[in-house]
Every structure is written in C-alpha cells, then in structure tokens.
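Engineer: Encoded as structure tokens, here's the structure I'll be asking about.
Protein chains: 4
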Amino acid sequence: MTDLPVFGAGIWHFATYKDRYATDGYGPPVGLLEQIDRAGAVGDLSVVDLNWPFAGFDGTLDDVKAALSRNGLEAIAITPEIYTRDFVKGSFTHPDPAVRKRALDLMHHATDVAKDLGSSYVKLWPGQDGWDYPFQVNYHDIWQLALDGLRELCAAHPEINFVIEYKPREPRVKIIFPNVARTLLGIEKIGLPNLGILLDFGHSLYGLETPADAAQLAIDYGRLFAIDVNDNLRGWDDDMVVGSVHLVETFEFFHTLRKNNWQGVWQLDQFPFREDSVEAARQAIRFLKAVHRALDSLDDSALAAAQADHDALAAQRLVQRALLTSMADTEDT
Amino acid sequence: MTDLPVFGAGIWHFATYKDRYATDGYGPPVGLLEQIDRAGAVGDLSVVDLNWPFAGFDGTLDDVKAALSRNGLEAIAITPEIYTRDFVKGSFTHPDPAVRKRALDLMHHATDVAKDLGSSYVKLWPGQDGWDYPFQVNYHDIWQLALDGLRELCAAHPEINFVIEYKPREPRVKIIFPNVARTLLGIEKIGLPNLGILLDFGHSLYGLETPADAAQLAIDYGRLFAIDVNDNLRGWDDDMVVGSVHLVETFEFFHTLRKNNWQGVWQLDQFPFREDSVEAARQAIRFLKAVHRALDSLDDSALAAAQADHDALAAQRLVQRALLTSMADTEDT
Amino acid sequence: MTDLPVFGAGIWHFATYKDRYATDGYGPPVGLLEQIDRAGAVGDLSVVDLNWPFAGFDGTLDDVKAALSRNGLEAIAITPEIYTRDFVKGSFTHPDPAVRKRALDLMHHATDVAKDLGSSYVKLWPGQDGWDYPFQVNYHDIWQLALDGLRELCAAHPEINFVIEYKPREPRVKIIFPNVARTLLGIEKIGLPNLGILLDFGHSLYGLETPADAAQLAIDYGRLFAIDVNDNLRGWDDDMVVGSVHLVETFEFFHTLRKNNWQGVWQLDQFPFREDSVEAARQAIRFLKAVHRALDSLDDSALAAAQADHDALAAQRLVQRALLTSMADTEDT
Amino acid sequence: MTDLPVFGAGIWHFATYKDRYATDGYGPPVGLLEQIDRAGAVGDLSVVDLNWPFAGFDGTLDDVKAALSRNGLEAIAITPEIYTRDFVKGSFTHPDPAVRKRALDLMHHATDVAKDLGSSYVKLWPGQDGWDYPFQVNYHDIWQLALDGLRELCAAHPEINFVIEYKPREPRVKIIFPNVARTLLGIEKIGLPNLGILLDFGHSLYGLETPADAAQLAIDYGRLFAIDVNDNLRGWDDDMVVGSVHLVETFEFFHTLRKNNWQGVWQLDQFPFREDSVEAARQAIRFLKAVHRALDSLDDSALAAAQADHDALAAQRLVQRALLTSMADTEDT
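Chains as they are written, first to last, in the numbering used here: chain A, 98 to 430; chain B, 98 to 430; chain C, 98 to 430; chain D, 98 to 430.
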C-alpha cells in the first residue's frame with residue numbers, strides 16, 4: 098500500500114455557524130484555540146487553513162502557534178476575510194476605491210501573517226465580488242479591477258503563493274471567478290508564477306464542471322496549487338461530508354491527481370452545521386482512506402485502455418471493483 | 098382602472114442580514130420598531146408579517162402596536178421562529194420529543210399574539226424540518242410527526258387560520274414541505290378547514306413548479322390563503338426584488354389570481370442584502386403596479402381563446418402587448 | 098443471502114435511438130424481435146415492458162409471444178405510445194377533443210393487448226401533456242382533462258392495473274404529472290383502486306425529490322405499483338446505467354423498498370445511446386446484485402437507531418460499511 | 098431611431114424535428130428548399146445558417162443559391178453536421194483516428210461550400226465531443242485532440258472565419274467546450290486569428306453564465322464573431338422563442354453588444370417543435386424590435402452612473418422604464 102496522503106482542514110470546519118435564519122447560531126460560539134484543539138482531536142489532520150483576522154480572538158499570534166504546536170498542526174494557509182461586512186459589495190471590485198484599498202491592505206497584512214506562520218499560500222476567496230441583478234455592474238470594469246488587484250498583491254509578495262478559490266455563487270448571486278477556465282484566463286492574463294488555483298470539489302460539482310476534468314486542466318496549466326473536498330447535491334454549496342453522495346466522482350478526482358503525480362494536501366472544507374465537527378472530519382477521512390486504498394487496487398492499465406476506447410462500461414466495472422471492495426479487510430469502518 | 102391591491106411585506110424585509118460568511122452582518126442591526134418605521138416609510142404598504150418572538154426587542158406588545166399604528170400598518174400575520182438555534186434539527190419533526198413540545202409551545206404562544214394583534218393567520222415555515230444526508234431519517238416517521246404536530250396546533254385554534262409556507266430547501270438540504278402538491282396532500286390528510294398554504298412565488302419557481310399552476314391548484318383545493326413575491330435565478334431562494342428577472346411569470350401568476358377572483362394581499366418577501374430596504378420595496382411596488390395596469394389592459398377573452406388552442410405564440414403576443422406598454426403614460430417610473 | 102429480486106427492463110433499452118441532432122439514429126434500427134432476443138441475451142432478465150403499437154413491426158402478436166417465450170421473458174407491462182406525432186400537443190390534454198379520443202382509443206387497445214399478454218399493468222407516460230411557454234394553457238382545464246381521461250380509462254378496465262410514470266419535463270418543458278405528490282393528489286381525486294404510480298428513480302432525482310422519500314410516500318398511500326431505475330446528473334433525464342453516479346441514493350431507495358416489504362420487479366429504464374445495450378444491462382444488474390448483497394449485510398437495527406436520532410454520520414458509517422464491501426468475495430465483478 | 102439590425106436564423110428553425118420519443122417527427126419532413134422559402138416568408142430575415150451536407154436534399158448547390166436568391170437571403174454560415182450517426186462518439190475527439198479524419202474531411206468540404214456561397218464563417222458545434230460517464234475518457238487527451246483538430250482546420254483556411262458554438266451539454270452529458278472561458282482558453286492556445294466564438298444566449302444562460310458578461314469577455318478578447326438568441330428555463334437548451342421568459346437579460350445582452358459597438362447579425366436559433374415556424378420567427382423579431390427601441394430610449398449615462406455605484410435598484414428602474422414602454426406607440430404588437 099502506498100503512503101497515506103497528508104490530511105488537512107479549514108479551521109472553520111470546527112466552528113459553529115450562523116445563517117440568515119438561525120442568526121443565533123447553530124450552537125454556542127467556539128473560540129479559535131478550541132477550534133484548533135478540535136482539529137487536533139480528529140487524529141489524522143496535519144495542517145489547517147486559518148481565517149484572518151482571527152474573529153473574536155484577543156490572544157496573540159504566539160498563542161495560536163502554541164495551540165497549533167500542541168496539536169501537531171501547521172498552518173498551511175491563511176484566508177483573509179474579504180467577505181465580511183466591510184466588503185459585502187466587493188473587495189477587489191468594490192465600487193468605492195477606498196474600500197478596495199482597505200481590502201488590499203487586509204490582504205497584505207494577512208500575507209505577512211502567513212509568512213510569519215510559515216504557510217504555503219494565501220487563499221483568496223472573493224465571494225462578495227460579483228453581482229446579484231441584471232444590469233447591476235459593468236462587467237468589463239469589474240473584471241479589470243479584479244485582475245489589477247490580484248496583480249498588485251501577488252507582485253508584492255513573490256516569495257509566497259496565492260490561490261484563488263473559484264465558486265459559482267454564494268453569497269453573491271454571481272461570483273467573478275465562477276469556474277476553473279475563467280480563473281485560468283485571469284491568471285494567464287496576470288502572468289505571475291505565484292498565483293494559482295485552489296480547486297474546491299464541491300464548487301466544481303455544482304458549477305456544472307466535472308471536477309476531475311477541472312483538475313486536469315489546472316494541472317496542465319501548472320496552476321493547481323491546492324484542493325478542498327466536500328460534497329453536495331449539485332445545486333448549491335452544501336459543504337456536506339465528503340463521500341456522502343458522490344463517491345465515484347470523488348474517486349475520479351483523486352485518481353486524476355494521482356495519475357498526474359500531484360503532491361498536495363487532501364483538505365476538508367465541510368460545514369457540519371448540525372453534526373459533531375470532530376466526528377464529521379473522522380467520517381470524511383475514513384472515506385478518504387477507502388479512496389486511497391481503492392486507488393491502490395485500481396487496475397490502471399486496464400482503465401487506461403478502456404478510456405482510450407471511451408468505453409464507459411468497462412471503466413465502470415473496474416471502478417466498482419476497486420471502490421466497492423475498499424472497506425473490506427480493514428479496521429477503518 | 099381597477100382598484101389597486103393591498104400591499105404588504107414581511108417585516109424582515111427591513112432588517113439587516115447575516116449569513117455564514119458575513120457573520121458580522123450586512124449592516125448594523127436594525128431594531129424592530131425601526132423596521133416598522135421603515136415599512137411605513139415605503140408609502141404603499143398596509144400590512145406586515147411579524148416574526149415572533151421579537152428578536153432583540155425588550156419593549157412591550159403595546160409598543161409594537163403603537164409603532165404599527167403610527168405607520169398606518171396592521172400585522173396581517175405572525176411567523177413563529179421555529180428555525181433558530183433550538184430547532185436547527187427540526188421543530189415538528191425534531192428527534193427529541195421535548196424539543197418538539199417546546200416548538201409547539203412556541204407556536205401556541207405565537208398564535209395567542211396573533212389573536213391579540215388581530216392578525217389573519219399564523220405562518221408556519223418549517224425550514225429546519227427535513228434532512229441533509231441520504232439515510233439520515235426515517236421518511237415515514239418524520240412525515241407523520243409533521244402532520245401530527247400541525248393537526249394538534251390547528252385543532253387547538255379553530256378561530257384563526259394557519260398557513261404552511263412550503264420551500265424546497267434552505268436551510269435544510271431538503272425540507273419536508275417542498276412543493277404545493279406535497280403540502281396539499283398533508284393538508285388534506287389533516288382535514289381541518291383552518292390550515293392552508295402561503296405560496297411564495299420564488300420558492301415555487303426554484304422548486305421546478307410553474308407558480309401560476311401551483312396557485313391554480315391551491316385555489317382549486319380552497320387552500321390558497323396567502324402569497325409572497327420576490328425573484329430569483331431558478332436555482333436558489335435569492336429573494337431578489339420582484340420583477341427583476343421573471344416579469345412574464347410574475348404577470349402570469351397575478352393573472353391567475355385575478356382570473357380566480359382571489360382577494361388577498363400582494364406581499365413582499367425580499368432580502369435586500371446590499372440594497373436600501375425602503376427603496377427595494379418601492380421598486381418592487383412600482384413594478385407590481387405596472388403588473389396591475391397590465392392586467393387591466395390584457396385582452397382576457399383573446400387570451401382565453403389562445404389558451405384553448407394551447408397557442409403559445411398568440412398568447413405571448415397578447416402578453417407582451419400588455420406588459421411592454423405597462424409603464425407608458427404613467428408617472429410611476 | 099436472501100433471494101435475488103426479479104429483474105426487468107423496458108424493451109426500448111435494446112433499441113437504438115434518435116434525438117434532435119442525430120436524426121439518422123445512434124445506430125442502425127433494431128427490430129422488435131431482435132430487441133427481445135437482446136433482452137434474453139442479458140441472462141438475468143425475466144420480464145420486459147413493451148411499447149405498443151409495435152413500431153415498425155409487421156408480424157403478429159403470436160410472433161412476439163414466441164420471441165418472449167424462447168427468451169424466457171414475460172411482458173410485465175404495455176406502454177401505449179401516447180407521445181408520438183399525433184400527440185405532440187398532448188394525449189389526455191390535447192386541445193382537440195378528437196385527438197383526445199384517438200389517444201384514449203389507443204390506450205384502450207393497448208390495454209386489450211396487455212390483457213392478452215397477461216401483463217400486470219399498463220404504463221401511462223403522458224410526456225407530451227403539459228406546456229412549454231408561460232400563458233400557453235389554462236392550468237385548471239388541462240388538469241381536469243387529465244383526471245377525466247384517466248378515470249374513464251381505468252374505470253373501463255377494473256381487472257388490470259394502470260400506472261402513471263411521472264416526470265418533471267422532457268419532451269414538454271413542463272409535464273402535467275411532474276412529481277410523486279402531484280400524481281398522488283390526482284390518483285386520490287380519481288379514487289379508483291387500479292391506478293397507481295411507476296416511480297422512475299431518475300425522474301425523482303432530477304425532479305428535486307429524494308427517491309427513497311418519494312417511494313415511502315407512494316407506499317404509504319398504497320400506490321407504488323412499479324419502479325424503474327437508471328441514473329443521471331440531477332439536471333436531466335440522462336437515463337444512464339444504474340449505479341454509475343448515485344450509489345448511495347440507489348442503495349437507500351432499495352433499502353426503503355425492502356423495509357416496507359415491497360415485492361416488485363427491479364426494472365431498468367436506461368438509454369445506452371453509445372453503449373452496447375446488452376452489456377449496459379449486465380453492468381446495471383452487476384451493480385444491483387451488489388446492492389442486494391449490501392442490503393443483506395446492512396445492520397438494520399443500528400441504522401434504525403441512527404435514524405431515530407437523525408444521526409447522519411452514524412448512518413453513513415453503516416451504509417459505507419455495507420456498500421463499500423459489497424463486491425468483495427464475489428465473482429460478480 | 099437607430100437603424101434596425103440585420104436579422105438571421107438557422108435554417109433548421111424552419112424544419113420539423115424528431116426527438117427520442119416522437120421518433121416519427123413533430124410534423125411531416127420539410128425539404129431544404131421549402132425551409133428556405135419559409136425563412137423568406139418571415140419577411141425580416143436577411144441571412145440564414147445552413148447545415149451541410151444538405152440532409153435529404155438531392156438537388157444542386159445552384160438550386161440552393163437560387164432558392165436563397167428568390168427569398169432575398171444570403172448564407173451567412175455553413176454548419177457541418179459533425180454530430181450525426183458517424184460521430185455520436187465524437188468528431189475531433191472520436192477514439193478512432195479514422196473517424197476523426199472523416200470528421201475533418203467533412204469540415205474541409207463544408208468550408209469549401211461556405212467559400213462558394215460567400216459565407217462569413219463556418220460554425221463548429223462539437224455537440225458529440227465530450228463524455229457521459231465518470232471515468233469514461235482521459236480529459237487531457239481529448240482536450241488536446243480538440244485543439245489539434247481545430248488548429249489544423251483553421252490553419253488550412255486562413256481566408257475564412259470559424260466559430261465554436263459552446264454548449265454545456267446535450268446531446269453529450271458533458272460537452273468539451275461548455276462555456277465561454279473554456280472556449281477562449283482553447284482559442285488562445287491555438288492562437289489563430291480566424292477562430293472565434295458564436296455565443297448562443299440560451300447556452301450561456303443554462304450554463305450558469307450571465308450572457309452579457311460572457312459577451313463582454315469574448316469581445317474583450319476580440320473573439321465574439323457571432324451570436325444566436327432564443328430562451329429557456331435555465332435548466333436545459335429549450336430553444337424557446339426569444340423574449341418568452343428572460344426579457345431583462347436579453348435586453349442586457351443586446352445592451353452590451355451595442356455599448357461595444359458590436360456589429361453583427363441578430364440571429365435566431367429556436368426550435369419551434371409544436372409551433373408554426375414562420376410565426377415563431379415573427380414573434381421573436383417583434384420582440385427583438387422592441388428591444389431595439391428600448392436600447393434607443395434607455396438613458397445610457399444614467400445607467401452608467403448607476404453601474405459605477407453597483408446600484409441595482411437605480412439600474413432596474415431605468416431598465417424597466419425603457420423595456421416596459423417599448424411596445425407603446427408602435428404598430429408592431
């Protein structure tokens with residue numbers, strides 16, 4: 098059996114949530130250090146992605162480092178919060194230049210924190226950059242603003258990577274980086290080596306893509322810097338536990354990564370609104386280990402032959418043979 | 098010109114919102130009395146639907162009555178908050194009988210408030226009643242729980258009406274009353290005269306229904322007690338300003354109501370996350386008045402003849418003639 | 098291990114197809130008797146559902162019986178073709194009464210054929226009954242026409258069953274029986290014992306239902322007369338091979354049937370446009386046998402306990418343990 | 098009032114159709130010359146797009162020219178039929194190199210016909226190039242095949258333009274050029290000046306794009322060579338009559354074209370399955386003329402100011418003022 102991958106998670110996985118109805122939250126607030134301890138309690142996680150500023154946290158960065166350290170965790174990434182109240186009309190593309198500057202300042206500071214923590218990348222998720230209504234914006238102008246802002250940020254920090262996490266919608270009705278191809282167009286136009294993509298499996302799925310195809314394209318452009326996994330019903334970013342619905346496409350996604358010898362963290366971006374967050378992560382990893390075993394047992398050359406013929410039935414047979422035996426002979430279930 | 102309809106709105110239209118990303122809110126909190134004043138400032142609203150308990154409000158019911166009165170508003174409905182933290186795993190269908198009882202207690206109390214305010218109905222929106230994952234619940238059992246709870250509640254208050262506002266999803270991935278037909282099945286099974294439907298145009302639209310057809314069906318069963326309008330992109334409950342996208346289907350919806358001589362409030366359920374809430378209501382009503390004028394000018398008998406032939410082109414021509422002239426010769430634009 | 102279910106298929110599974118682009122067909126035409134021989138070649142099929150009139154076939158009913166017999170097949174159902182050129186504007190709901198009569202005549206004749214063949218039911222799929230455009234039809238009127246026609250047909254043949262196969266859309270943009278609840282409403286209104294539902298898993302899935310919930314509801318009304326399975330991407334009736342995408346929800350669907358002790362045929366409604374049709378059926382049945390084994394190994398009481406708590410994670414763990422071992426220790430892969 | 102645009106249509110608009118159910122067709126076959134005569138009968142069409150080979154037509158190219166001429170029509174484009182039986186597993190990306198060559202031969206010949214007819218471009222719609230099932234193809238390989246084939250074709254005919262009409266799906270479950278950004282990525286990689294995009298409004302809409310934004314992007318890359326319009330319900334390529342549902346977004350689409358001074362044909366790609374095809378075209382053009390008038394009356398500078406503020410409400414008010422008066426004071430209704 099091949100070595101297990103490194104597992105990670107967004108630290109928000111271990112928070113509690115609000116939405117527009119349960120404005121009092123799906124549970125009592127969980128502080129940052131407690132979130133880190135919960136991540137540590139999962140037992141298989143090595144890295145976490147941290148939002149910044151640390152909301153509701155009045156300790157020091159050293160406190161955070163200590164909490165990570167005692168849980169055997171590293172901060173693989175920092176995610177600047179460019180989607181909270183100040184930025185609900187956009188960050189890179191906000192109509193007010195003063196707010197755009199404030200957003201960029203926040204991102205510069207977050208980048209400094211990332212460097213301090215030794216993170217691999219800064220994750221940019223411009224979820225409020227877009228539009229809601231027909232005729233609301235000038236599409237040419239906001240696209241230029243997005244590219245200009247990204248270029249300035251990435252050029253200022255050549256020693257660290259940045260990733261764009263594209264998403265079709267939510268919270269904006271339409272987000273400016275909705276899919277892999279549009280994001281690659283922007284990245285190619287910017288032309289800097291330290292800007293890539295974080296591909297969220299669920300975003301790809303409900304954005305009408307085939308996640309494995311999106312991953313292959315990003316890899317072919319040398320821009321697949323990171324991934325997140327979760328699941329949904331193809332209509333919304335439900336952020337369900339990975340493997341709860343789309344077993345075959347999750348398997349295909351990781352098969353594509355392995356075939357390309359992609360080395361990166363298998364990272365969770367789940368929102369267990371009503372579940373125990375530690376157990377939700379464990380269930381996800383239990384499934385991901387089954388995927389890993391299935392990758393080991395899959396007959397790659399037979400599959401390649403089937404694919405050369407576009408033979409869907411032969412491919413399915415091979416895939417089911419690997420996947421539907423992946424929890425036999427293991428203690429992991 | 099026929100008389101204008103009565104216009105109304107959910108009071109939340111005039112609040113500010115949170116979601117899972119902008120957890121600090123899309124703006125500073127707006128208190129209940131200020132929400133009522135904003136509703137009054139619209140100028141065309143006669144009634145509002147009030148959530149209960151009055152979140153974050155420490156005044157008395159008399160304060161609320163006074164605020165309504167000074168704005169020329171009446172409380173057409175009370176909406177008990179059966180979707181906040183206590184009930185994120187369900188109200189009628191919560192797995193814990195003690196929580197189900199607490200939810201019903203809340204609904205009984207809300208009903209008493211509704212009677213006190215002289216409201217027409219209590220609105221039940223069981224948005225947390227449903228499931229997220231395959232295999233999570235026993236479908237037979239939770240459906241029975243929902244019907245049992247509704248029967249108990251409605252039977253206890255025969256002197257006031259109750260409405261179920263059905264919705265396909267959000268916040269649950271699947272909600273137990275997702276569409277008009279399922280809701281009617283439940284209502285017929287319960288068999289009480291004071292339980293009907295509030296048909297939200299947007300819920301119907303993104304639930305794959307044709308809203309006018311859903312309205313006709315509810316009317317034919319004598320169960321269309323109330324309506325809400327808004328708009329979306331057919332994939333989610335965007336709660337956009339009415340008339341921003343689906344002009345024709347909104348027109349058809351109101352045409353169906355008029356044809357059946359349905360007398361009820363034209364009520365707004367919009368979430369103007371990033372807009373001025375008073376202006377958002379005014380824009381909606383400006384459009385609804387155009388719809389009302391278009392209904393007056395539509396050639397009903399020619400349309401009936403076209404529909405008898407299923408002649409889509411003739412019908413469209415008549416509809417466009419009415420709708421695309423509806424803002425000519427008016428000061429309302 | 099429990100006994101295997103009876104497997105069946107729509108005979109069209111073994112035809113070739115046309116669509117609006119490949120008007121010359123996805124392969125050379127396959128005659129009816131050859132379709133039956135292909136069904137026989139699958140090796141696990143016991144019953145087929147036959148379209149009638151037998152398109153392009155100039156033999157006798159005895160020829161058909163002989164072909165079925167030599168392949169060990171029975172005609173479980175007859176599906177009258179109420180969706181071809183004569184009926185593209187509707188069958189039960191066609192605007193012209195003469196065409197409505199012609200459609201009913203066709204259905205009566207098809208029923209006679211079904212009786213002659215000893216079939217269990219006549220399947221009604223009113224795919225052309227509905228509308229395409231806003232304002233095209235009077236919704237009240239066409240719903241009444243549909244119920245009137247069904248009542249007349251079913252009342253005339255009390256000794257045989259009829260099923261409505263509901264579907265959200267295609268070929269009409271909206272079909273008059275789009276989901277399980279609307280269909281049950283109609284059936285209850287008609288009030289005859291010999292009219293039920295054929296639940297097509299894929300139709301339910303892309304119609305925003307949870308197929309297991311839809312099945313439970315139909316069972317609770319005593320109306321689940323038959324089922325079809327296939328798969329799709331939740332946006333359209335792709336009629337892909339069962340188990341190619343939605344393994345978990347297919348498993349849940351059959352779990353619901355077994356829990357209710359539903360005894361019926363596991364029937365394929367697949368359109369293998371570009372695949373060998375015999376192999377496509379074999380692949381489907383290979384997966385369905387794995388589902389059957391997984392049902393045997395599933396810990397039902399532990400699952401019931403998890404569901405009583407709405408514990409999605411515990412349920413998933415049990416489900417994956419059964420499903421992801423279902424092809425171990427078998428020659429079926 | 099500004100000059101009217103040039104109107105055009107795909108010649109298939111005037112054919113009759115088949116689908117997988119009504120395999121005998123939605124009406125009697127209509128020959129090519131009769132289709133051309135019907136296009137002429139519309140009265141406002143100047144150009145048509147012709148499929149090639151001319152299916153079921155045994156006349157000469159001169160016969161076609163004569164029919165066009167007597168109807169005052171020109172062939173703006175030729176669409177090679179790379180999606181019929183020979184190519185149901187792909188044209189550019191077919192697994193068999195011999196079939197790929199046959200497809201390219203067909204495209205070369207179609208290009209010669211286009212030159213002979215003086216057409217502006219050859220339209221490539223690779224609707225069978227893609228995949229249906231997870232794991233069916235090697236995504237890297239088929240993308241390369243598509244680019245290689247396109248490069249060879251376009252390089253061989255530098256004196257004429259080619260356009261790719263992208264589409265998310267149908268008839269393949271996933272098509273290799275699904276959206277504007279992916280198509281632009283491919284075009285940029287190929288790097289030839291005579292390859293651009295035909296943007297079909299409906300494809301963009303049900304592909305989760307905002308059509309006006311997609312148009313702006315293609316224009317910014319200098320690649321918007323042609324457009325088609327129609328309408329749908331955002332879930333499928335319904336090819337309904339333009340303006341039957343999405344009035345505002347159609348208006349926004351043409352507003353974007355005008356703002357960029359895009360000069361091209363307003364072309365119909367509708368499938369009036371159950372409607373009179375001449376009347377369907379007339380109804381579309383009636384609406385498009387209203388759009389044209391609304392563009393003339395729209396307050397562009399006020400709209401630009403609203404868009405600079407992302408002020409959706411102000412923009413809507415301006416848009417409705419123009420659109421909802423666009424059929425007043427005209428004989429066109």
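C-beta atoms are modelled at their ideal positions from N, C-alpha and C, and glycine is treated no differently.
Small disclaimer: the values here were computed from a predicted structure and weren't measured.
In chain order, which continuous runs of the beta strand (DSSP E) of length 3 or greater are located wholly inside the region 340-366 of chain C?
Structural biologist: Those beta strand (DSSP E) runs which fall completely within the region 340-366 of chain C and span 3+ residues are 363-365.
Engineer: Pull up the distance between the alpha-carbon of residue 220/B and that of residue 179/A, whole angstroms please.
Structural biologist: Distance between the alpha carbons of residue 220/B and residue 179/A: 37 Å.
Engineer: Under the rule that 16 or more other beta-carbon atoms within 10 Å means buried, what is residue 290/C, buried or exposed?
Structural biologist: Residue 290/C is exposed by the Cβ-count criterion.
Engineer: Could you spell out where the alpha helix (DSSP H) holding residue 374/D opens and where it closes?
Structural biologist: 374-394 is the span of the alpha helix (DSSP H), which, as asked, contains residue 374/D.
Engineer: Chain A partners of residue 230/B, CB-CB under 7 Å?
Structural biologist: Neighbours of residue 230/B on chain A, chain order: 337, 341.
Engineer: Which runs of the beta strand (DSSP E), 3 residues or longer, sit entirely within the region 173-236 of chain A?
Structural biologist: Within the region 173-236 of chain A, the complete beta strand (DSSP E) runs of at least 3 residues are 218-221.
Engineer: Locate the beta strand (DSSP E) running through residue 143/C, then write down its first and last residues.
Structural biologist: Taken as a continuous stretch (DSSP letters only), the beta strand (DSSP E) holding residue 143/C covers 142-149.
Engineer: If you measure beta-carbon to beta-carbon, which residues of the region 413-427 of chain A are closer than 8 Å to chain C?
Structural biologist: So the list reads 413, 414, 417, 418, 420, 421, 422, 423, 424, 425, 426, given in the order they occur along the chain.
Engineer: In three-state terms, what does DSSP make of residue 161/D?
Structural biologist: DSSP places residue 161/D in helix when its eight states are reduced to three.
Engineer: Spatial neighbours of residue 216/D within its chain, please: C-beta separation below 7 Å, excluding the five flanking residues on both sides.
Structural biologist: Closer than 7 Å at the Cβ level, and outside the excluded window around residue 216/D, lie 172, 173, 174, 175.
Engineer: Helix, strand or coil for residue 289/C, going by three-state DSSP, please let me know.
Structural biologist: If DSSP states are grouped into helix, strand and coil, residue 289/C belongs with coil.
Engineer: Going along chain C, which residues have a C-beta under 8 Å from residue 263/D?
Structural biologist: Neighbours of residue 263/D on chain C: none; closest Cβ ~15 Å, over 8 Å.
Engineer: For a contact defined as C-beta to C-beta under 7 Å, what are the partners of residue 345/D on chain A?
Structural biologist: Those are 231, listed as they occur along chain A.
Engineer: Please name the residues in the region 313-333 of chain C whose beta-carbon is closer than 7 Å to at least one beta-carbon of chain D, in chain order.
Structural biologist: Correct list: 330, 332, 333.
Engineer: In whole angstroms, what is the alpha-carbon distance linking residue 337/B and residue 368/B?
Structural biologist: Taking the straight line joining both Cα atoms gives about 6 Å.
Engineer: When you compare each of 306/D, 197/D, 193/D, 273/D to residue 222/D by their alpha carbons, which one comes out closest?
Structural biologist: For residue 222/D, the nearest C-alpha among the options comes from 273/D.
Engineer: With residue 294/A and residue 307/A assumed to form a contact (beta carbons below 8 Å), what rounded beta-carbon distance in angstroms separates them?
Structural biologist: Not confirmed; about 16 Å, so no contact.
Engineer: If you measure beta-carbon to beta-carbon, which residues of the region 367-397 of chain B are closer than 9 Å to chain D?
Structural biologist: Here the close residues are 369, 371, 372, 373, 376, 377, 379, 380, 383, 384, 387, 391.
Engineer: Measure the alpha-carbon distance for residue 153/A versus residue 262/A and round it to whole angstroms.
Structural biologist: Cα-Cα distance, rounded: 24 Å.
Engineer: Return no unless some Cβ of chain B is closer than 9 Å to the Cβ of residue 404/C.
Structural biologist: Yes, because at least one Cβ of chain B sits closer than 9 Å to the Cβ of residue 404/C.
Engineer: Got a sec: is the Cβ-Cβ distance from residue 352/C to anything in chain A below 9 Å?
Structural biologist: It does not: the Cβ of residue 352/C has no partner Cβ on chain A nearer than 9 Å.
Engineer: At a CB-CB cut-off below 7 Å, which residues of chain C make contact with residue 409/A?
Structural biologist: The answer, in chain order, is 372.
Engineer: When DSSP builds the beta bridges, which residues end up paired with residue 249/C?
Structural biologist: In DSSP, residue 249/C forms no bridge with anything.
Engineer: Where does residue 283/D fall in DSSP's three states?
Structural biologist: Three-state DSSP puts residue 283/D in a helix.
Engineer: In chain B, which residues lie with their C-beta within 9 Å of the C-beta of residue 197/C?
Structural biologist: Neighbours of residue 197/C on chain B: none; closest Cβ ~12 Å, over 9 Å.
Engineer: Straight-line CA distance for residue 143/C to residue 347/C?
Structural biologist: The straight-line gap from Cα to Cα measures roughly 21 Å.
Engineer: Does residue 306/B come within less than 9 Å of chain C when only Cβ atoms are used?
Structural biologist: Chain C, which has a Cβ nearer than 9 Å to the Cβ of residue 306/B, makes this yes.
Engineer: Our contact map puts residue 375/D next to residue 139/D with C-beta atoms below 8 Å; I'd like the distance itself, whole angstroms only.
Structural biologist: Right, the Cβ-Cβ distance comes to about 6 Å (below 8 Å), so this counts as a contact.
Engineer: According to DSSP, residue 258/B sits in a beta bridge with which residue or residues?
Structural biologist: 218/B.
Engineer: Return helix, strand or coil for residue 103/C, following the three-state DSSP convention.
Structural biologist: In the structure shown, residue 103/C sits in coil (DSSP, three-state: anything other than H, G, I, E or B).
Engineer: Starting from residue 336/B and walking both ways along the alpha helix (DSSP H), at which residues does that stretch end?
Structural biologist: Element bounds for residue 336/B: n/a, residue is neither H nor E.
Engineer: By alpha-carbon positions, which one of 411/D, 382/D, 418/D ends up nearest to residue 105/D?
Structural biologist: Answer by Cα proximity: 382/D.
Engineer: So, under 8 Å CB-CB, residue 296/A and residue 315/A are touching, yes? Tell me the CB distance rounded to an integer number of Å.
Structural biologist: Yes, they are in contact, since the Cβ atoms of residue 296/A and residue 315/A sit about 6 Å apart, within 8 Å.
Engineer: With distance defined between alpha-carbon atoms, name the residue in 400/B, 167/B, 425/B, 196/B nearest to residue 246/B.
Structural biologist: The residue with the shortest Cα to Cα distance from residue 246/B is 196/B.
Engineer: Work out the CA separation of residue 238/D and residue 364/A for me, nearest whole Å.
Structural biologist: One C-alpha to the other measures close to 27 Å.
Engineer: Please list the partners that residue 279/A has in chain B, where partner means a Cβ-to-Cβ separation under 8 Å.
Structural biologist: Those do not exist, as residue 279/A stays about 18 Å from chain B at its closest Cβ, beyond 8 Å.
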